[in-house]
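Undergrad:
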Amino acid sequence: MNMKSLAMLLTAALLPVAAARADGERLRPATANASYQQECGSCHLAYPPALLPAASWQRISAGLGRHYGSDASLDPATTQTLTRWLLLNAGTGKRARETPPEDRITRAAWFQRKHDELPAGVWQRPAIKSPANCAACHTGAEQGDFSEHRVRVPR
Amino acid sequence: MQRKTWHLIPMALLALSAGMAGATSAPEQLAALSAQAAAPADAARGQRLFTSKHGAEWSCSSCHGALPTQAGRHASTGKPIAPLAPAFNPERFGDAAKSEKWFRRNCKDVLGRECSAGEKADVLAWLITLKP
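Chains as they are written, first to last, in the working numbering: chain A, 1 to 155; chain B, 1001 to 1132.
1. Beta-carbon within less than 7 Å of CYS134 of chain A's beta-carbon, same chain only, minus the 5 sequence neighbours each way: which residues are those?
2. Within its chain, find whatever has a CB closer than 7 Å to the CB of ALA77 of chain A; leave out the 5 residues flanking it on each side and keep chain order.
3. Work out the CA separation of ALA1082 of chain B and PRO1133 of chain B for me, nearest whole Å.
4. Here's the rule I'm using: 16 or more other beta-carbon atoms within 10 Å means buried, otherwise exposed. How should GLY1055 of chain B be labelled?
5. Anyone know if the C-beta pair for ALA1038 of chain B and GLY1094 of chain B falls short of 8 Å?
6. Could you tell me whether the Cβ of HIS1074 of chain B comes closer than 8 Å to any Cβ of chain A?
7. Would you please state the rounded distance, in angstroms, between the beta carbons of ILE128 of chain A and LEU51 of chain A? I believe it to be under 8 Å.
8. Using 8 Å as the threshold, is the segment 106-114 of chain A in touch with the segment 1036-1050 of chain B, meaning 3 or more CB pairs across them?
9. Would you mind stating whether GLN1036 of chain B and ALA1125 of chain B have Cβ atoms separated by less than 8 Å?
10. Pull out every residue of the segment 86-100 of chain A whose Cβ sits closer than 8 Å to any Cβ of chain B, in chain order.
11. Along the chain, where does the alpha helix (DSSP H) containing PHE1103 of chain B start, and where does it finish?
12. What residues of chain A sit near ARG1105 of chain B, judged by a beta carbon separation below 8 Å?
13. Going by DSSP, which residues form a beta bridge with ALA1023 of chain B?
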């Protein structure tokens, strides 16, 4: 790789971070834990732990055998390690004041407020399917970037 | 004493690697499952198990697609799922413990119980037959 392409790569890698930080919609740590990514990110986005309060994570971790209609059980050691990490990084700000119904991020008042301008039926579009599918529209979701600049709602 | 225990080390390592299920391959896992089932695997039976609903809401295909040579999508979250057939995704069936974990969970979701070694061997035998 020559210097020019290296510089372009670095710029491309760093710019979105700067842009996202500017409007405060970058959540960390979304990708900071490889085990969390692997164990929780196969069926759905590895949701940033800050999106739920500790009480919700505690209940979710204790009930992985019946996890929103799926068996998501893990061995006890992994469950314990991940629970500790989730509780440590759980939401503490304004989002954590409420425990959303069924401990679903998508049922939280802030989530519904943030998405209330979307047209009716948007979640049913084949490319989206579910409000749990963050990455369908939030192109930076895997990196914890939920900034509006990176939203592309598929038709 | 020292001489007696020395030769046990390779055997212990072998047992450890078999038991702890480190790096392996799809054909190796198929062989192990078939041995455990004490019967040869049947790919056609595996395909039927994979594509059928077993009295509940989902089949394996609900998330992996009827032909898991391409990406599927999770039936409830919509998240894309990389191809399952090992010829189309070299990361699949490279770790026996991981395969066991997913068979355990997903069989419970689809069949309401864990799959037998024979059933897992059938499914894996079918997945191995899928070639580009």
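Heads up, the beta-carbon is just placed ideally off N, CA and C, and yes, glycines get one too.
TA: According to the data block:
1. Within the first sequence, numbered from 1, the residue matching residue 134 of chain A stands at position 134. Correct list, in chain order: LEU45 and ALA141.
2. Translated into the one-based positions of the first sequence, residue 77 of chain A becomes position 77. Result list for ALA77 of chain A: empty, nothing under 7 Å.
3. Only positions 1001 to 1132 of chain B appear in this structure, which leaves residue 1133 of chain B out of reach.
4. Within the second sequence, numbered from 1, the residue matching residue 1055 of chain B stands at position 55. Classification of GLY1055 of chain B: exposed, given that the 10 Å Cβ count is below 16.
5. Within the second sequence, numbered from 1, the residue matching residue 1038 of chain B stands at position 38. Within the second sequence, numbered from 1, the residue matching residue 1094 of chain B stands at position 94. No, the Cβ-Cβ distance between ALA1038 of chain B and GLY1094 of chain B is not below 8 Å.
6. The count along the second sequence starts at 1 and reaches residue 1074 of chain B at position 74. Yes, its Cβ sits closer than 8 Å to a Cβ of chain A.
7. Numbered from its first residue, the first sequence carries residue 128 of chain A at position 128. Numbered from its first residue, the first sequence carries residue 51 of chain A at position 51. Wrong, their Cβ atoms sit about 18 Å apart, outside the cutoff.
8. no
9. Here the question's residue 1036 of chain B lines up with position 36 in the second sequence. Here the question's residue 1125 of chain B lines up with position 125 in the second sequence. No, they are not a contact pair.
10. none
11. Residue numbering aside, residue 1103 of chain B sits at position 103 when the second sequence is read from its first letter. Note, PHE1103 of chain B: alpha helix (DSSP H), 1096-1111.
12. Translated into the one-based positions of the second sequence, residue 1105 of chain B becomes position 105. By Cβ distance, chain A contributes SER70, ASP71, ALA72 and SER73.
13. Along the second sequence, read from residue 1 onward, the residue named residue 1023 of chain B stands at position 23. BP columns for ALA1023 of chain B point to B:ASP1095.
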